[in-house]
Amino acid sequence: ARLKHCALKISSREAEETDMLRIFFLPVAVAFPSFREQIPNGRRVACPEGAVGEGCTAGDEGQPASVCNGVGHATCSGETMPLNSFGKDMFSHDFTWTRELCEADSDGDGLTNGEELGDPCCLWEAYDIPSDY
Numbered sequence: 781a782r783l784k785h786c787a788l789k790i791s792s793r794e795a796e797e798t799d800m801l802r803i804f805f806l807p808v809a810v811a812f813p814s815f816r817e818q819i820p821n822g823r824r825v826a827c828p829e830g831a832v833g834e835g836c837t838a839g840d841e842g843q844p845a846s847v848c849n850g851v852g853h854a855t856c857s858g859e860t861m862p863l864n865s866f867g868k869d870m871f872s873h874d875f876t877w878t879r880e881l882c883e884a885d886s887d888g889d890g891l892t893n894g895e896e897l898g899d900p901c902c903l904w905e906a907y908d909i910p911s912d913y
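Under this note's numbering, the first residue of the sequence shown carries the number 781, and numbering increases by one thereafter.
Here's what the structure looks like:
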């Protein structure tokens, strides 16, 4: 997350240079598992149906059978590009869970991100304990 702040410190430069820096730092900045702490139930996101192995680990009691380690990436292994639609939305919100991100439907399935992640009322804050929802 420190790299994100570096890009912000030089944001007084022309927008084009800032965009280039964000793109340059993107592969490094989004590979941190700690981003799972920035979304509700980030350590409980189920792997997509049929995904086996890479990035999918066994869930604990009360969790999905297979948990995705690369939330926001095209694969559950993470650390790879491109980002999926939710990852792109997280990036555009500076990797911060906001009401706008919560109420969005990043994957277009008719459910808000908050509904999918167990925060239907958009009350969760970073590092809160996971919900039972």
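Cβ atoms here follow ideal geometry from the backbone N, Cα and C, with glycine treated the same way.
Item to check | With 16 other Cβ atoms within 10 Å as the buried cut-off, status of isoleucine 909 | outcome: Start at 1 with the first residue of the sequence shown, and residue 909 comes out as number 129. That one is exposed.
Item to check | Run of the alpha helix (DSSP H) containing cysteine 882, from where it starts to where it stops | outcome: As a working mapping, residue 882 is identified with position 102 in the sequence shown. Looking at the DSSP string, the run of the alpha helix (DSSP H) that includes cysteine 882 is 879-883.
Next on the checklist: Just to confirm the assignment, what range does the alpha helix (DSSP H) spanning serine 865 have?
Outcome noted: Position 85 of the sequence shown, counted from the start, is the residue given in the question as residue 865. Where serine 865 is concerned, the enclosing alpha helix (DSSP H) stretches over 865-872.
Checklist entry - CA-CA distance, glycine 842 and alanine 826? => result In the sequence shown, residue 842 corresponds to position 62, counting from 1. In the sequence shown, residue 826 corresponds to position 46, counting from 1. Going from the Cα of glycine 842 to the Cα of alanine 826 covers about 12 Å.
Next on the checklist: What does the alpha-carbon distance come out to for the pair cysteine 901 and glycine 894?
Outcome noted: Locating residue 901 in the sequence shown gives position 121, counting from the first residue. Locating residue 894 in the sequence shown gives position 114, counting from the first residue. Rounded to the nearest angstrom, the two C-alpha atoms are 7 Å apart.
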